[in-house]
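Input: a single structure, listed below in structure tokens.
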Amino acid sequence: MNQGRFWKSVFSLLGLAVAVFFITRVWAVFIPFFLGFILAYLVQPLIGRFEAAGLRRDRVVIVVYLGLIAALALLVALLLPGFLREAQQILAELPRYAQSFDEMVARLNADLTGSLQKILGHRAAAFQIPFRAERMIDAFVETVPSNILSVAHFALWIIIIPFVAFFALTQGRRWIDAIFDLTPAMYVESLLGMMAEINATLGAYIRGQMLEGGCVALVTMAGLGALGFDGAILFGALTGLMNLVPMMAPIVGGGLALLVGYFQGMPASSLFGIFMLFLLVRLLDDFIFIPFVLGHSVRLHPVLIVFAVLAGFELGGFLGLVFAVPVAAVIKVILSLTVGERRFVPLVDERHIVS
Amino acid sequence: MPRWLRRIFKNEQHSETLAFFRNISIFHGLSSRQLGRVMLAMQRRAYQAGEKLFEEGHAGKAVFIIKSGKVELSRLTAEGSRKLGILGPGQMFGEMALLEQMNRTATATVIEDGEIYLLYTASLEALVRHHPRIGVRLLRNMAIMLSALLRRTNKELDRLTRTPV
């Protein structure tokens, strides 16, 4: 390696270290940029199809962007009115739900205290469930101003994410070429390997997750709608979103739907129907959506997945939960390619070939 | 697509690169669109004379195709480094890595500045999985190339055994 390139590589590594340090200090700022790259990554195969046919990448990106905006507008026009109506309904009903819930807890506390008083006397009062839904709603209302601010923050993300994705799609190849040009020649093969392996693992995982989440959302929407649940679109979308986090969709989506169904005054048979629906969605997900849509793109041990999810939540809240598994998969690929670097043996022993 | 629309969207550079890859034996018989897909799976890098692409004994994971410049292949022997040959534009090396991941049997050093394309095993496997027609054609071409190599080696061996000492 000549001296110029050596110093270039040293400065690049130093720059990378500074960038990593900076990112860890203000990582929240980078979230929309990160999501923009993920959006670009998702759209990339579609752009690649046109690029392979000899079309100009920059112009194809503009056309695809216009197409995606039109599709998104159509989807919003179709789903948003129902979504907003359901959200308004649930918000209007929220105080009543909270009151019913508090009454239920009060009844439970009375029964519990009555039963325990015979054994524990006045100490039985200590075993009351200290939960009041109305207090939680009051606390939520107090935080509304800051919530509005975070909505404004989110609106800014809606502009930043497609903006970043646009530049990543039009200039991404050039950026990757620059990274390879700066990498010392002897490590180019390893870097290419790492990128190809990560791409093979992540590409299938992210695209599969989106499709799988969509399937789960649609089945849940249809099922809840058929059961006469008020808020089928909202809860279907929520379940699809929750599906991004392993084991979360049936617990949060199903649990909330059952609770809201109970407060909506649904009969026991319909509540059982909701329970069975979420069980069915789980089974469909495990035996149809995951094997056919997701495949075995991420080969991680279940214990490792649980650990990754918990660690992700600790580090990055909800986004940490969503990205825990893919990040763990990337770390596994990097470790297997670096620490687990092995010497290869021939697939067929030459002595066994007769010619 | 109408001609005026094609003129707006056509990538001129793509046609040039396509023409270059069409002459590489591993890509014979691929349609323009199929070749376009293979090109997307490859990575280009500019090299300078003196840079080592890989060393003998290291794990091989990619195939190299020279676009421009020259590369020297050498092997270490008891007497020192032995030159195996010099490769130039349009030539490919390291293809054994695509078939089975083996340790490199030679060292490759750039002796003239140029550009080289790399195709990694996992990218080839992804191509085979998602586009079986491309995969079958590439693997068939590789089998033909290896067969030709074996024929040449047999001839060479035959010539050596017939030569009186």
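Note that the protein sequences, when read in sequence, are chains A and B.
Note that our numbering has the first sequence beginning at 1, numbered continuously upward.
Note that our numbering has the second sequence beginning at 1001, numbered continuously upward.
Note that the Cβ used here is the ideal one computed from N, Cα and C, for glycine as well.
Residue i: first and last residue of the uninterrupted beta strand (DSSP E) it sits in
i: R96 (chain A); result: Careful: R96 (chain A) lies outside any beta strand (DSSP E), inside the alpha helix (DSSP H) at R57 to L120.
i: T183 (chain A); result: From DSSP, T183 (chain A) is part of no beta strand (DSSP E); its letter is neither H nor E.
i: F1054 (chain B); result: K1052 to F1054
i: F289 (chain A); result: It is not in any beta strand (DSSP E) - F289 (chain A) carries neither H nor E in the DSSP assignment.
i: I1111 (chain B); result: T1107 to E1112
i: V1071 (chain B); result: K1070 to T1077
i: R227 (chain A); result: The question names Arg, yet the displayed sequence has Leu at residue 227 (chain A). Per DSSP, L227 (chain A) belongs to no beta strand (DSSP E) and is neither H nor E.
i: S1081 (chain B); result: G1080 to L1087
Partners in chain A for residue i, counting only beta-carbon separations shorter than 8 angstroms
i: K1070 (chain B); result: None at all; the shortest Cβ gap to chain A is about 15 angstroms.
i: K1010 (chain B); result: G54, L55 and R56
i: E1095 (chain B); result: Near E1095 (chain B) there are no residues of chain A at all, since even the closest Cβ is about 14 angstroms away, more than 8 angstroms.
i: A1046 (chain B); result: D181
Closer than 7 angstroms at the beta carbon, the chain B residues around residue i
i: L192 (chain A); result: Q1043, A1062, L1118 and Y1120
is_contact[residue i, chain A] using C-beta, thresh 8 angstroms
i: K1067 (chain B); result: no
i: F1054 (chain B); result: yes
i: A1126 (chain B); result: yes
i: S1015 (chain B); result: yes
i: L1040 (chain B); result: yes
i: E1051 (chain B); result: yes
i: A1078 (chain B); result: no
Euclidean distance between Cα positions of residue i and residue j
i: P130 (chain A); j: D102 (chain A); result: 10 angstroms
i: G1057 (chain B); j: I198 (chain A); result: 25 angstroms
i: I305 (chain A); j: Q117 (chain A); result: 44 angstroms
i: P95 (chain A); j: D138 (chain A); result: 10 angstroms
i: L46 (chain A); j: D1113 (chain B); result: 35 angstroms
i: G1085 (chain B); j: G203 (chain A); result: 39 angstroms
i: V76 (chain A); j: L84 (chain A); result: 11 angstroms
i: I233 (chain A); j: G261 (chain A); result: 14 angstroms
i: L1118 (chain B); j: R1159 (chain B); result: 35 angstroms
i: Q1145 (chain B); j: F1093 (chain B); result: Rather than Gln, the amino acid found at residue 1145 (chain B) in this sequence is Met. If you take the alpha carbons of M1145 (chain B) and F1093 (chain B), they lie about 12 angstroms apart.
i: A237 (chain A); j: G223 (chain A); result: 13 angstroms
i: K1155 (chain B); j: F1021 (chain B); result: 29 angstroms
i: T1121 (chain B); j: V1063 (chain B); result: 8 angstroms
i: D181 (chain A); j: Y187 (chain A); result: 11 angstroms
i: N1141 (chain B); j: A1041 (chain B); result: 18 angstroms
i: L66 (chain A); j: R59 (chain A); result: 11 angstroms
i: A308 (chain A); j: L319 (chain A); result: 13 angstroms
i: L1157 (chain B); j: A1148 (chain B); result: 14 angstroms
i: H1014 (chain B); j: F21 (chain A); result: 39 angstroms
Alpha helix (DSSP H) segment containing residue i, residue limits
i: F1021 (chain B); result: E1012 to R1022
i: F263 (chain A); result: G255 to F263
i: R1133 (chain B); result: P1132 to R1162
i: K332 (chain A); result: P302 to T338
i: A1062 (chain B); result: That residue, A1062 (chain B), is in no alpha helix (DSSP H); its beta strand (DSSP E) goes A1062 to I1066.
i: I1008 (chain B); result: R1003 to F1009
i: A124 (chain A); result: Counting along the chain, A124 (chain A) falls outside any alpha helix (DSSP H), and DSSP gives it neither H nor E.
i: S270 (chain A); result: A268 to L284
i: I233 (chain A); result: A232 to M242
i: R1037 (chain B); result: S1032 to A1041
i: A1097 (chain B); result: M1096 to L1099
Proximal chain A residues relative to residue i, where beta-carbon distance stays under 7 angstroms
i: A1143 (chain B); result: The contacting residues do not exist; A1143 (chain B) stays about 14 angstroms from chain A at best.
i: S1081 (chain B); result: Result: empty, since nearest Cβ-Cβ is about 17 angstroms, beyond 7 angstroms.
Residue-level contact to chain B via CB, residue i, 8 angstroms cutoff
i: F180 (chain A); result: yes
i: R59 (chain A); result: yes
i: V188 (chain A); result: yes
i: G48 (chain A); result: yes
i: D285 (chain A); result: no
i: E51 (chain A); result: yes
i: A185 (chain A); result: yes
i: A40 (chain A); result: no
i: A200 (chain A); result: yes
i: D177 (chain A); result: yes
Residue i versus the options, residue with shortest Cα-Cα distance
i: S1123 (chain B); options: B:L1138, B:L1076 and B:L1146; result: B:L1138
i: T239 (chain A); options: A:L79, A:V281 and A:G15; result: A:V281
i: G273 (chain A); options: A:F289, A:D286, A:F287 and A:G254; result: A:G254
i: L218 (chain A); options: A:V64, A:D285 and A:V10; result: A:D285
i: G1088 (chain B); options: B:A1078, B:V1071 and B:L1099; result: B:V1071
i: P1132 (chain B); options: B:Y1047, B:N1011, B:V1038 and B:T1017; result: B:V1038
i: S190 (chain A); options: A:F21, A:F37, A:I251 and A:S336; result: A:S336
i: M194 (chain A); options: A:V333, A:G48 and A:L156; result: A:V333
Partners in chain B for residue i, counting only beta-carbon separations shorter than 8 angstroms
i: E197 (chain A); result: A1122
i: A168 (chain A); result: The contacting residues do not exist; A168 (chain A) stays about 16 angstroms from chain B at best.
Amino acids of chain A, ordered along the chain, whose beta-carbon sits closer than 9 angstroms to that of residue i
i: A1019 (chain B); result: By Cβ distance, chain A contributes nothing, its closest Cβ being about 12 angstroms from A1019 (chain B), past 9 angstroms.
heavy atom of the ligand FAD below 7 angstroms from residue i C-beta
i: K1061 (chain B); result: The ligand FAD is not part of the structure shown, which contains no ligands of any sort.
Contact residues within the region 1023-1036 of chain B, judged by C-beta distance below 9 angstroms to chain E: Looking at the structure shown, chain E is missing, and the protein chains on hand are A and B.
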